[in-house]
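Right, one structure below, let's go through it.
Chains as they are written, first to last, in UniProt numbering: chain A, 1 to 390; chain B, 1 to 390.
Now the structure itself:
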């Protein structure tokens, strides 16, 4: 298959691109390196020494013998270039990761809120519009988040894979009718809200133009490297530990490595879904190699392998490393504790064999967090974004 | 109250601004005259001879003794100007009509799709973001459309006012739990889709920042003038009859007046909700004068007074005028017939006394459509937008 990976320089996009290339697919990366610009804006850097994209791609060519061309096209604002690329390349699939992906970053200021909405909505819409205009039957694969449904205090319902069977009253008030609807959303940040808007965009273009779309609702990604990024130091993947882009488990690992207490926001009773980066790349190839038929509704899969409470993760890392646990005020506007019962059968049924936390965690602590601890700027650990002004 | 009307030069915005001013409110108009630019782009003009906004405002000052200042701020792209205006004026309420409002226009081409998404999403988000940043507790009143729920073939459920009580299975699969959710959407065009995105934006800002929002889901507006726009020829309201911006009933009236057959797309079995422009302006003042409390969820009201099948409207106008009825292929991707049972009790309970079609139709035929028939360009009657390429 020929596959365009939009956002192919990012934390998920880079190992996905290499994995697809290693599997023999013809990969083209689209990326404006905007994630690296955000690092400079925030005064932070990946804990791991990631190389310039040109250097990464040259290393991959040297290691694998395979070329990955790269185009710096801004999906949200360079529609004509995007359309020309689609028409020229005629991809079988487009992986869409060209979105601002951090909830805390999206809440930093009005400017960050507005950037996140403008970028994410226009990037998604331009891609869908361009696929229709190109006349090419490309399969669009997007990574969304399980967070679109919110993290309420629970209530005992199961999170299905995208669609929910409900019963609604009839017009005459006498009976009830079964309906299958897109699962209602309840986003907890501007970032999460843009993923809810994406869901509407996919639904519409699938219905009106029969676009083939797979939307992977991903849990929190942990881990750093994959089989391909381990092949050469110059292929190393990004590891974010700062208060904006760092995800909870990677932040704990790095904090443990540098002797900083593990910072738990609030009670730690928040339950989240997790997936290792190696499983992310496998899920992508499974989704791409098992595309929906034309005319099939949007395929929504929960891309996660286990769920944990934040405090349990902190205790696990603490037990492994001896780090202290520190409770801080939670800057997020969310329930202090929640359950997260979720269905995630589809990717397993396609052949995913999950990497579990208990197996991979120690390697991350030793191989990555401790190995690069000298590169950590401790002043960037605190999370400074506030969800509300009050 | 001090009320900013964004989109105050448009078909709904102009009579709303005058009505609120006549009721003693302090009105400020924000409008970049983009609707007039669309007329020039399409080579069409209002059937009625609307005056330049400056001239309209001078006439209103002469007639009523009341001033309405006007600011040409683009909500979607001039955030700083919008924020400065809010901080300076400290409005009690903001009426948000600054959106591209025609489904056929939104489907004309990829450029029109992209303009509609970019403009409508960024305009709404910038407004909500600016109200939060300003720190002012302004009530945001938006006009959406009943079309967000789609016009499927029916199915016997009632359209409630925004929220739907459903039953969902429990996590253990043993029972069912009642939930109240935002009514699921099923948009039939890019325009309608942007109104679904608006709904998500309102939901989020109401939840996270306690913004007070009223979202009026309006039916198809018919009629031209209101008590205030009739006071002086220079205050006359817009009447669109072209294939992009003309709404179904006004198009029939004008077609009858110029001896053109009434153009029914498809079978005419499509049921739509209707409201007279005089009732639109009354609904707005009722919504503004009965605002939600801080902390109250988004108030969603169905703003309509009656429902009709398109073919029945054509027969009504035909009986009144002798015009022929012509069935054309339907360019829209929609069910050929549908029911539309809907609840619209809230605005009636606030005091709305509806203008019914049977009462107001003849005045429109004689007083507007025939009076200005000489200004009609018949070549602009056909609807040229196509919903799909196939």
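Backbone N, C-alpha and C fix where the C-beta goes; we use that ideal spot for every residue, glycine too.
Query	Result
Per-residue DSSP class, three states only, for residue 215 of chain A	strand
Contacts of residue 270 of chain A in chain B (Cβ-Cβ under 8 Å)	By Cβ distance, chain B contributes nothing, its closest Cβ being about 17 Å from residue 270 of chain A, past 8 Å.
Run of the beta strand (DSSP E) containing residue 167 of chain B, from where it starts to where it stops	163 to 169
Inter-stretch contact (C-beta, 8 Å, three-pair minimum) for the region 318 to 334 of chain B and the region 266 to 284 of chain B	yes
Residue 171 of chain B at chain A interface by Cβ criterion, 8 Å	yes
Helix, strand or coil at residue 90 of chain A [DSSP, three-state]	coil
Proximity test, Cβ basis, 8 Å: residue 378 of chain A and chain B	no
Chain-ordered neighbours of residue 387 of chain B on chain A, where CB pairs are closer than 8 Å	208
Where the alpha helix (DSSP H) through residue 120 of chain B begins and ends	110 to 134
Straight-line Cα distance separating residue 10 of chain A from residue 324 of chain A	31 Å
Contact under 8 Å by Cβ, residue 181 of chain B with residue 116 of chain B	no
Own chain residues within Cβ distance below 6 Å of residue 266 of chain B, not counting five before or after	330, 336
In chain order, each alpha helix (DSSP H) run of at least 4 residues that lies wholly inside the region 13 to 94 of chain A	13 to 22, 34 to 42, 53 to 64, 79 to 89
Per DSSP, the bridge partner or partners of residue 394 of chain A	One cannot answer for residue 394 of chain A here, as it falls past the ends of chain A, which runs 1 to 390.
Short Cβ contact (8 Å threshold) for residue 236 of chain A with residue 229 of chain A	yes
Cβ pair count under 8 Å reaching 3, the region 163 to 180 of chain B against the region 101 to 120 of chain B	no
Residues bridged to residue 309 of chain B [DSSP beta-bridge criterion]	B:271
Element boundaries [beta strand (DSSP E), containing residue 293 of chain B]	Run containing residue 293 of chain B: none; DSSP gives neither H nor E here.
Chain B contact for residue 158 of chain A (CB, 8 Å cutoff)	yes
Interface flag, residue 193 of chain A vs chain B, CB-CB below 8 Å	yes
The region 205 to 225 of chain A / the region 204 to 216 of chain B touching (three or more Cβ pairs under 8 Å)	no
Residue environment, residue 159 of chain B, which counts as buried when at least 16 other CB atoms sit within 10 Å	buried
Residue 255 of chain A vs residue 381 of chain A beta-carbon contact at 8 Å	yes
Neighbour-count burial assignment, residue 243 of chain A, 16 or more Cβ in a 10 Å radius	buried
8 Å contact criterion, which residue 98 of chain A and residue 7 of chain A should meet: CB distance rounded	4 Å
Euclidean distance between Cα positions of residue 20 of chain A and residue 193 of chain A	29 Å
Neighbour flag for residue 196 of chain A against chain B, beta carbons, 8 Å	yes
Stretch-stretch touch, CB-based, cutoff 8 Å, three pairs: the region 133 to 149 of chain B with the region 80 to 94 of chain B	yes
Outcome for residue 101 of chain B when other beta-carbon atoms lying within 10 angstroms are tallied against a minimum of 16	buried
For residue 2 of chain A, three-class secondary structure by DSSP	strand
Reduced DSSP secondary structure (H/G/I, E/B, other) of residue 257 of chain B	helix
Residue 6 of chain A at chain B interface by Cβ criterion, 8 Å	no
Beta-carbon gap between residue 326 of chain A and residue 389 of chain A smaller than 8 Å	no
Length of the line joining the Cα atoms of residue 139 of chain B and residue 35 of chain B	25 Å
Per-residue burial, residue 43 of chain B [other beta carbons within 10 Å of its own, 16 or more giving buried]	exposed
Residue ranges of each alpha helix (DSSP H) within the region 176 to 211 of chain B, 4 or longer	190 to 209
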